Every structure is written in C-alpha cells, then in structure tokens.
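What follows is a set of notes on a single structure, which appears directly below.
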Amino acid sequence: MNILKTIKTIALQHDDLPAFHASYIVLTFLFAALLNIGAFAVLVGLHMLLDVFKYREVHGLSWESTIHATLRESLTDAMLLMIGVVFAVYLHYSAGIIAVSGLLRSEGYILRAVGMFIPKLKVLCHTTGITASLRTHVASVQPWMRPEFARWEQVCCIIMIVTAALLAFAPGVLESSPEQITSILARELNPLNF
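Just add 18 to wherever you are in the sequence shown, counting from 1, and you've got my numbering.
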C-alpha cells in the first residue's frame, strides 16, 4: 500500500522533481541511441492512429478531414524519419558514401550516428510529450484545418520530396545494386532489428 502512495505522489508531483526531469532526459537519449529508425516509424504510426481516433471519434470530423488533419499533424515527424533513412542508406558501411568515397570509417560512423540520432530524438520527445498530456492532446484540435499550408509545412514537403528522390537514386549515386539498398532499408526499418 505504501508503494501505491509513493507512485501516486510521484505521478502528481513529477513536474516539480528534478530527478524526474534528469531521468527523462537520460532515458530519451538512451532510447534514441539504441532503437533503429523502424521503431520510431512505429511510434509515428501509433501517433497517427491516435490522431485518427481523436479527429474522427472525439471531434466527429469526416474521413476526408480526419485523414487531412492526421497527415498534416504528422508531417514533421515523417520528414524527420525520411532524413534519418537517407542518412542510414547513404552512410551505411557496406554501400554508403563511406564505402564509395573512402571517407574514414570513424568519421562516417559519427556522421551517420548524428544524422540518425537527431531525428529519432526529436520524434521521441514529441511522442513522449503527447503521451504525457494524452487527455489534452485528444481534446484539442490543431490548426491543421486551414486549406493553405504554412511555410513550415511547405519546407517539410520539399525536404520529403528531396529525401524520396535521394532514396530513389541511391543505387546509381552509390554505385550499389537496388537489392543492396533494399536490404539496407529492410534492416533499418525493421523495428525488431537492434
């Protein structure tokens, strides 16, 4: 019974506890470093499912408006994932720029780690923020319903087009076979592959 009281106290006062914030930061960095891009794609997918529920069931929007709002709300996370995938492919040790250009392996590994770590960290922080305030997130309607795209949304779309083109042209740029690029993508996007 004492343990339940302690848990309840922590749950109610966690915002005021410096130890909570310190452990949150450490765990966020740890998960971003250990999990691959596929695990974060699953997180983004779960967030999108939550938004479908939010817009369709809670706010009663039509399916068209629900899909529109869900896609626009997840645009930043999707863009970050695409950037991470491009770094994963182009700086992979077997087919990436590291192998093609003779870039020192240690520098390539550091660049690859940073290029994948930052998008994963941002997605994880966003997802945990939503989880921490789930009731507020579900109750609020984001301003995604306006017809025109905001400047940031336009930038996200342009970056996603560029990253998609980079992935499409990766076999030619990296002088690798399409099967090798597909194999790299399969390893990086499998959420169970650590």
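Where is the CB? At the ideal position from N, CA and C, for every residue including glycine. The structure displayed is predicted, hence computed values, not measured ones.
Inter-residue Cα distance where the pair is residue i and residue j
{"i": "residue 166", "j": "residue 86", "result": "12 angstroms"}
{"i": "residue 70", "j": "residue 205", "result": "29 angstroms"}
{"i": "residue 189", "j": "residue 62", "result": "27 angstroms"}
{"i": "residue 132", "j": "residue 21", "result": "40 angstroms"}
{"i": "residue 56", "j": "residue 24", "result": "36 angstroms"}
{"i": "residue 109", "j": "residue 129", "result": "8 angstroms"}
{"i": "residue 92", "j": "residue 107", "result": "23 angstroms"}
{"i": "residue 145", "j": "residue 151", "result": "10 angstroms"}
{"i": "residue 192", "j": "residue 156", "result": "44 angstroms"}
{"i": "residue 181", "j": "residue 96", "result": "11 angstroms"}
{"i": "residue 185", "j": "residue 171", "result": "21 angstroms"}
{"i": "residue 52", "j": "residue 203", "result": "17 angstroms"}
{"i": "residue 64", "j": "residue 44", "result": "23 angstroms"}
{"i": "residue 201", "j": "residue 179", "result": "22 angstroms"}
{"i": "residue 153", "j": "residue 197", "result": "44 angstroms"}
Cβ shell of residue i (< 8 angstroms), same chain only, five flanking positions each side left out
{"i": "residue 59", "result": "99, 207 and 209"}
{"i": "residue 195", "result": "189"}
{"i": "residue 211", "result": "54, 56 and 205"}
{"i": "residue 47", "result": "139"}
Residues near residue i in its chain [Cβ-Cβ closer than 7 angstroms; skip 5 each side]
{"i": "residue 50", "result": "135, 138, 139 and 142"}
{"i": "residue 88", "result": "66, 69, 70 and 73"}
{"i": "residue 94", "result": "174"}
{"i": "residue 84", "result": "70, 73 and 74"}
{"i": "residue 199", "result": "107, 113, 188 and 189"}
{"i": "residue 183", "result": "none"}
{"i": "residue 159", "result": "77"}
Buried or exposed by the 16-neighbour rule on C-beta atoms within 10 Å, applied to residue i
{"i": "residue 103", "result": "buried"}
{"i": "residue 90", "result": "buried"}
{"i": "residue 101", "result": "buried"}
Proximal residues to residue i (C-beta, below 6 angstroms), its chain only, five neighbours per side dropped
{"i": "residue 148", "result": "155"}
So does the stretch 74–83 actually touch the stretch 164–178, counting three or more Cβ pairs closer than 8 angstroms? no
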